[in-house]
Every structure is written in C-alpha cells, then in structure tokens.
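Visitor: Before we start, here is the structure in question, set down as structure tokens.
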Amino acid sequence: MKVNVKEARKGGYTASVTYFDELNQKEATISLCSRIDPIQEGITWAKNIYRKGERAFIVYGIGMGYHINALMNLLEPYQRVVVLDVNLEVWEKIKAYSAIQKLKGNQYEILITEDLHQIEQVLLAIQEKQACIYMYHPCVKLIPHKLNQFKHILDLYKVRQSGNQTRTLVEENYRYNNENRYPNISSWYNTLKNKPVIIVSAGPSLDKNIDLLKEVNEEIFILATGRTLKLLIEKGIRVDMFCIIDPTEELMFKQIEGLANLQVPMAFLNTANHKVVDAYRGPKYIAYTEESPENQEGRIDSGGSVATVALELAIKFGANPIIFIGQDLAYTNLKSHCNNSISMSTIENGSITKKVKDIHGKYIPTTLALLSFKWWIEQKIRKTPGIKFINATEGGAYIEGCEHQTLAYVLQHYMSRRE
9 MKVNVKEARK
19 GGYTASVTYF
29 DELNQKEATI
39 SLCSRIDPIQ
49 EGITWAKNIY
59 RKGERAFIVY
69 GIGMGYHINA
79 LMNLLEPYQR
89 VVVLDVNLEV
99 WEKIKAYSAI
109 QKLKGNQYEI
119 LITEDLHQIE
129 QVLLAIQEKQ
139 ACIYMYHPCV
149 KLIPHKLNQF
159 KHILDLYKVR
169 QSGNQTRTLV
179 EENYRYNNEN
189 RYPNISSWYN
199 TLKNKPVIIV
209 SAGPSLDKNI
219 DLLKEVNEEI
229 FILATGRTLK
239 LLIEKGIRVD
249 MFCIIDPTEE
259 LMFKQIEGLA
269 NLQVPMAFLN
279 TANHKVVDAY
289 RGPKYIAYTE
299 ESPENQEGRI
309 DSGGSVATVA
319 LELAIKFGAN
329 PIIFIGQDLA
339 YTNLKSHCNN
349 SISMSTIENG
359 SITKKVKDIH
369 GKYIPTTLAL
379 LSFKWWIEQK
389 IRKTPGIKFI
399 NATEGGAYIE
409 GCEHQTLAYV
419 LQHYMSRRE
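Spelled out as structure tokens, the structure:
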C-alpha cells in the first residue's frame with residue numbers, strides 16, 4: 009500500500025492510500041479523511057453516531073483519528089470508546105500525524121492488531137453485551153485481503169444492527185407464538201439420519217432445474233423455503249416441510265395465501281408473524297432463536313434468513329447430504345428471485361456495487377445482506393464435519409465447502425444408490 013500524508017487546507021493532516029482492490033482487480037485510492045477540513049468532518053461523524061444513554065462506543069477504523077477525538081469530546085463520565093483496527097501497515101505510516109496523539113483521559117482503549125485471536129475476543133465481548141459497532145468506512149475498505157474473514161464478520165454485524173428496526177414487531181410475535189404452545193421443532197431432531205435433503209430457495213437459478221424436482225421420490229426429503237412453497241405446489245412437486253421466518257404479516261401471508269389448509273408440516277421461528285402462523289391449519293412446529301431463554305427447547309442458530317434457518321434445521325434433523333438449489337445469494341442475470349416467486353424483481357446493470365464470484369469464476373452483483381448469508385453458510389459448513397454439502401443451484405455465488413454439481417447428477421446419484 010502507498011500512503012501519502014499532507015496538510016489539510018483548513019488545518020490538521022489528511023492521508024490518501026493506494027491499494028489493490030481485489031474485487032475489481034485493479035489499483036484504487038481512498039482518502040482516510042477530508043482533504044479540506046478533517047477536524048469538522050470528524051465532529052460531524054461523531055455527532056451522527058453519539059447516543060447519550062450508550063455506555064460504550066465500539067469503533068472500527070482509526071484513520072487519522074479526528075472522528076475519535078470528536079467522539080471523546082462528547083462523552084459523559086460513564087461512557088468510553090473502544091477503537092479497533094487491523095491495518096498495521098497503514099497505521100505505521102500515519103501514526104506520527106494522527107490526531108490520536110492528542111487524546112487525553114482514560115475513557116478510551118485502542119487495539120490495532122492483526123492477531124485474529126485478540127480480535128475474536130473483542131468481538132465476542134461486544135456480542136455478549138449486544139453493543140453496536142460503528143464503522144469508519146474508509147478503513148473498512150482497507151482491511152487486508154488476508155483478513156477478509158474479519159471483514160465478513162463486520163459486514164454481518166452491520167446487517168444485524170440494521171434489523172433492529174423491526175424489534176417491536178419481533179417481540180410481539182415472540183410473545184403470541186410462545187403463548188400458543190405449539191409443538192417444538194426439536195421433535196424432528198435426528199429423524200432424517202443420513203437421508204438426503206434438498207433445500208429449495210427462491211434464487212433466480214431455480215428456474216433452471218425446478219421441474220427436475222417432479223422426479224424426486226421419497227428417498228429424498230424436500231425442505232422448501234416459504235417463498236418457493238406456492239410455486240412448488242402449483243407445479244405438482246411434493247413438499248415434505250416448509251420453513252417461514254418473516255415477522256411482517258403482508259410478506260408472510262403471501263407465502264401461504266390459498267394454502268392455509270395444506271397438510272405439509274410448517275417449521276417457523278418464534279419471531280415469525282403470529283397472525284399468519286395461527287391462520288395455517290396444517291401441522292406446525294416452532295423453533296426458537298438463540299436470543300430466546302437458554303432453557304427453551306428447539307433453540308437454533310438462525311443466521312438471519314429463511315435459507316440459513318432451513319440449513320440449520322436440516323443439520324439438526326441429521327440429514328446427509330444436504331443439497332442446495334435456488335441458493336444464488338446474488339442477482340444472477342440481474343434478477344432477485346426465480347420467475348413467478350412472490351418477490352421477483354430486476355436491477356439495472358451497475359446499480360449494485362457489491363459483487364461476488366460465481367460458480368463459473370465471474371463476478372456478479374449481490375448485496376451486503378446476501379453476502380452475510382453466504383459467509384454464515386460457509387462458516388456453518390466448516391463447523392459441521394461429517395456431512396456432505398452439495399450446491400446444485402447451477403448459478404449464483406460459489407459457496408466454499410460445497411461440492412458443486414447439477415441437480416440431474418445429484419438425483420441420479422442419490423436415488424439410485426440407496427444402501
């Protein structure tokens with residue numbers, strides 16, 4: 009990395025960093041702060057994130073330090089700031105000019121390290137306290153490629169924090185669903201020991217192979233996400249269980265509209281919309297998020313999406329192998345979902361800046377939320393030895409840890425060699 013430090017027009021120092029952009033495979037340059045007035049820029053940033061009742065502010069990105077200085081000036085005596093950064097190379101070149109040198113008092117802690125164990129301990133402590141991480145975005149872009157896993161973790165925190173807006177609705181659903189004492193999903197645990205399970209998601213590539221599911225016999229269990237349920241039923245495809253998690257009534261009602269009397273078992277999160285859960289007349293089983301009381305049966309690591317919930321359930325059911333279809337985790341052919349799904353939309357080419365490597369080695373558009381689900385799935389695969397994971401999506405993002413095959417191959421293999 010090349011770092012260029014110079015005086016800012018209205019006082020203080022500014023710095024620009026030239027680095028290799030892995031995603032676009034070319035050099036890029038980014039400023040760590042304003043070239044004109046970094047002091048005022050820092051004040052504006054600090055005012056935007058400051059909350060009077062918050063006890064600790066965890067900031068990723070030290071930059072030139074003006075934003076940290078400004079935040080420190082806003083603190084009440086009971087508040088403190090923790091600053092985390094992993095780019096030692098940049099820090100060594102700018103620290104002599106950093107505004108951090110002027111910090112006073114003992115209400116702050118700074119950790120600049122590439123030691124993943126140290127970083128992990130800090131993040132675990134943050135998670136336990138349910139604290140927010142505030143990103144100083146120029147520094148996020150400069151996280152070294154060798155620490156990409158850490159960058160993925162930060163992105164996951166951002167997605168989770170953005171979900172807090174629906175907290176009131178989630179809590180209402182939790183209360184109503186819990187009071188109804190539905191059968192617990194744990195009664196399904198280990199019931200599909202070493203049975204192949206296909207998880208059907210609504211990604212755009214589902215259009216390529218959905219009709220092959222008509223050939224699936226009872227040797228393979230079909231676990232559908234809510235967005236694919238109507239499509240599968242309309243095509244005459246057998247569904248052995250479907251999964252829903254959405255807290256909002258409108259979106260979730262669309263998933264079972266006209267199917268309320270279907271006798272397919274429904275697995276749902278305790279935070280799913282209670283009105284829609286109640287309206288479904290078929291068998292239903294409740295699963296609890298990890299935030300539920302520790303002694304609650306059926307607590308699962310939900311991962312934030314219906315596909316990640318379905319994966320967690322398939323693992324707990326004892327499935328092997330676990331096969332993904334429609335799991336694009338990206339806008340394949342600029343589409344959000346498969347045709348005729350309840351949420352299909354298209355995007356303009358170039359309108360989404362996030363990209364991911366697809367199964368063919370090319371980069372295709374995606375979103376931060378979809379990337380976070382991809383990283384969650386990959387982490388879950390790494391933590392689950394002894395189970396084979398097959399990505400038969402035939403498009404979309406490359407999922408590390410999976411064997412990538414066509415669905416036709418998978419069906420021929422697992423419906424013909426049952427021992």
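At position 147 of the sequence shown the residue is numbered 155 (the numbering used here), and the sequence of numbers has no breaks.
Backbone N, C-alpha and C fix where the C-beta goes; we use that ideal spot for every residue, glycine too.
(1) Could you tell me if PRO329 is buried or exposed, where buried requires 16 or more neighbouring beta carbons within 10 angstroms of its beta carbon?
(2) If we count the other Cβ atoms within 10 Å of its Cβ and call it buried at 16 or more, is MET274 buried or exposed?
(3) So what's LYS370 in DSSP terms, helix, strand or just coil?
(4) What residue from GLY290, ILE323, ALA315 has the CA that sits closest to GLY306's CA?
(5) Thinking GLN335 and THR392 are a contact (beta carbons under 8 Å), I'd like their distance in whole angstroms, please.
(6) Report the rounded CA-to-CA distance for GLY244 versus ILE218, giving the unit in angstroms.
(7) Tell me ASN192's beta-bridge partners as DSSP assigns them.
(8) Let me confirm a value: PHE28 is counted as buried when at least 16 other C-beta atoms fall within 10 Å, else exposed. Which label applies?
(9) Any idea if ASN202 is buried or exposed, counting beta-carbon neighbours within 10 angstroms, 16 or more meaning buried?
(10) Going along the chain, which residues of its own chain have a beta-carbon closer than 7 Å to the beta-carbon of LYS101, five neighbours each way excluded?
(11) Under the rule that 16 or more other beta-carbon atoms within 10 Å means buried, what is ALA295, buried or exposed?
(12) Where GLY290 and TYR197 are concerned, what is the direct C-alpha to C-alpha distance, given to the nearest angstrom?
(13) Just curious, the alpha helix (DSSP H) that SER380 is in, first and last residue?
(14) Please report the distance separating the alpha-carbon of GLY311 from that of GLY61.
(15) So is the beta-carbon of PRO373 under 8 Å away from any non-hydrogen atom of the ligand ZN?
(16) Does the stretch 44-59 touch the stretch 71-79, meaning 3 or more C-beta pairs lie closer than 8 Å?
(17) Could you pull the DSSP bridge partners for TYR21 from this structure?
(18) If you scan the stretch 63-150 from start to end, which runs of the alpha helix (DSSP H) of 4 or more residues do you find wholly inside it?
(19) How about GLY211 and GLY409: do their beta carbons lie closer than 9 Å?
(20) Give the secondary structure of ASN399 by DSSP, where H, G and I count as helix, E and B as strand, and everything else as coil.
(21) Report all residues from its chain with a CB closer than 6 Å to the CB of THR37; omit the five preceding and five following residues, and keep chain order.
(22) Is it buried or exposed, ASP286, if we count other Cβ atoms within 10 angstroms and call 16 or more buried?
(23) Where does ARG183 sit, in a helix, a strand or coil, going by DSSP?
(24) Between the alpha carbons of TYR417 and VAL205, how many angstroms are there, rounded?
(25) Using the C-alpha atoms, what's the distance from ARG390 back to GLY19?
(26) Which term fits ASP366, buried or exposed, when burial requires 16 or more other beta carbons within 10 angstroms of its beta carbon?
(27) Looking at ILE66 and VAL89, is the spacing between their C-beta atoms short of 9 Å?
(28) Can you tell me whether LEU124 is buried or exposed? The criterion is at least 16 other CB atoms within 10 Å of its CB, across all chains shown.
(29) If GLY71 sits next to LEU40, beta carbons under 8 Å apart, how far is it from one beta carbon to the other, in whole angstroms?
(30) For THR414, which three-state DSSP category applies?
(31) State the CB to CB distance for the pair GLY73 and ALA107, rounded to an integer number of angstroms; the pair is presumed to be in contact (CB under 8 Å).
(32) Please return the same chain residues whose Cβ sits closer than 6 Å to the Cβ of ARG17, not counting the five positions on each side in sequence.
(33) Quick one: measure Cβ to Cβ for LEU378 and ALA327, integer angstroms, because I've assumed they're closer than 8 Å.
Guide: Looking at the atomic coordinates:
(1) By 1-based counting over the sequence shown, the position of residue 329 is 321. With 16 or more other Cβ atoms within 10 Å, it is buried.
(2) Position 266 of the sequence shown, counted from the start, is the residue given in the question as residue 274. By the 10 Å Cβ count, MET274 comes out buried.
(3) As a position in the sequence shown, residue 370 is number 362, starting the count at 1. Correct three-state label for LYS370: coil.
(4) Within the sequence shown, numbered from 1, the residue matching residue 306 stands at position 298. With respect to the C-alpha of GLY306, the residue from GLY290, ILE323, ALA315 having the closest C-alpha is ILE323.
(5) Position 327 of the sequence shown, counted from the first residue, corresponds to residue 335. Position 384 of the sequence shown, counted from the first residue, corresponds to residue 392. With 8 Å as the limit, GLN335 and THR392 do not qualify as a contact, their Cβ atoms being about 16 Å apart.
(6) Reading the sequence shown from its first residue, position 236 is the one you call residue 244. Reading the sequence shown from its first residue, position 210 is the one you call residue 218. Straight across, the Cα-Cα distance linking GLY244 with ILE218 is about 11 Å.
(7) Position 184 of the sequence shown holds residue 192. The bridge partners DSSP lists for ASN192 are ILE294.
(8) Start at 1 with the first residue of the sequence shown, and residue 28 comes out as number 20. Flag for PHE28 reads exposed.
(9) Numbered from 1 along the sequence shown, position 194 holds the residue referred to as residue 202. It counts as exposed.
(10) Counted from its first residue, the sequence shown places residue 101 at position 93. Apart from sequence neighbours up to five positions away, the residues of its chain that approach LYS101 with a beta-carbon distance below 7 Å are VAL11, ordered along the chain.
(11) Looking up residue 295 in the sequence shown gives position 287. ALA295 is buried by the Cβ-count criterion.
(12) Here residue 290 refers to the residue found at position 282 of the sequence shown. Here residue 197 refers to the residue found at position 189 of the sequence shown. Answer to the nearest angstrom: the Cα atoms are 20 Å apart.
(13) Stepping through the sequence shown from its first residue, residue 380 is reached at position 372. Counting along the chain, the alpha helix (DSSP H) containing SER380 begins and ends at 376-390.
(14) Your numbering for residue 311 matches position 303 in the sequence shown. Your numbering for residue 61 matches position 53 in the sequence shown. Spanning the two alpha carbons is a distance of roughly 29 Å.
(15) The ligand ZN is not part of the structure shown, which contains no ligands of any sort.
(16) By the Cβ criterion, the stretch 71-79 is in contact with the stretch 44-59, since at least three pairs of Cβ atoms, one from each stretch, lie closer than 8 Å.
(17) Residue 21 sits at position 13 when you count from the first residue of the sequence shown. GLU15.
(18) Inside the stretch 63-150, DSSP marks whole alpha helix (DSSP H) runs of 4 or more residues at positions 74-80, 96-102, 124-136, 145-149, from first to last along the chain.
(19) Within the sequence shown, residue 211 is the residue found at index 203, counting from 1. Within the sequence shown, residue 409 is the residue found at index 401, counting from 1. The Cβ atoms of GLY211 and GLY409 do not sit closer than 9 Å to each other.
(20) Residue numbering aside, residue 399 sits at position 391 when the sequence shown is read from its first letter. Strand at ASN399.
(21) As a position in the sequence shown, residue 37 is number 29, starting the count at 1. In its chain, beyond the 5 residues on either side, SER24, THR26 have a beta carbon closer than 6 Å to the beta carbon of THR37.
(22) In the sequence shown, residue 286 corresponds to position 278, counting from 1. The residue in question, ASP286, is exposed, as its Cβ has fewer than 16 Cβ neighbours within 10 Å.
(23) Position 175 of the sequence shown, counted from the first residue, corresponds to residue 183. The answer is helix: DSSP assigns ARG183 an H, G or I state.
(24) Reading the sequence shown from its first residue, position 409 is the one you call residue 417. Reading the sequence shown from its first residue, position 197 is the one you call residue 205. Approximately 15 Å between the Cα atoms of the pair.
(25) Looking up residue 19 in the sequence shown gives position 11. Looking up residue 390 in the sequence shown gives position 382. Between GLY19 and ARG390, the C-alpha separation is close to 49 Å.
(26) Within the sequence shown, the letter at position 358 stands for residue 366. Burial is judged here by how many other beta carbons sit within 10 angstroms of a residue's own beta carbon; ASP366 has at least 16 and is buried.
(27) Along the sequence shown, one-based indexing puts residue 89 at 81. Along the sequence shown, one-based indexing puts residue 66 at 58. Result yes, Cβ atoms of VAL89 and ILE66 sit closer than 9 Å.
(28) The residue labelled residue 124 in the question sits at position 116 within the sequence shown. Under the 10 Å beta carbon count, LEU124 is surrounded by fewer than 16 other beta carbons and is classified as exposed.
(29) For this step, residue 71 is matched to residue 63 along the sequence shown. For this step, residue 40 is matched to residue 32 along the sequence shown. With a Cβ gap of about 4 Å, GLY71 and LEU40 count as contacting.
(30) Here residue 414 refers to the residue found at position 406 of the sequence shown. Correct three-state label for THR414: coil.
(31) Position 65 of the sequence shown, counting from 1, holds the residue named residue 73. Position 99 of the sequence shown, counting from 1, holds the residue named residue 107. Yes, they are in contact, since the Cβ atoms of GLY73 and ALA107 sit about 4 Å apart, within 8 Å.
(32) Counting from 1 along the sequence shown, the entry for residue 17 is found at position 9. Result list for ARG17: ILE44, in chain order.
(33) For the purposes of this step, residue 378 is identified with residue 370 of the sequence shown, where counting begins at 1. For the purposes of this step, residue 327 is identified with residue 319 of the sequence shown, where counting begins at 1. At roughly 23 Å, the Cβ-Cβ gap does not stay under 8 Å, so LEU378 and ALA327 are not in contact.
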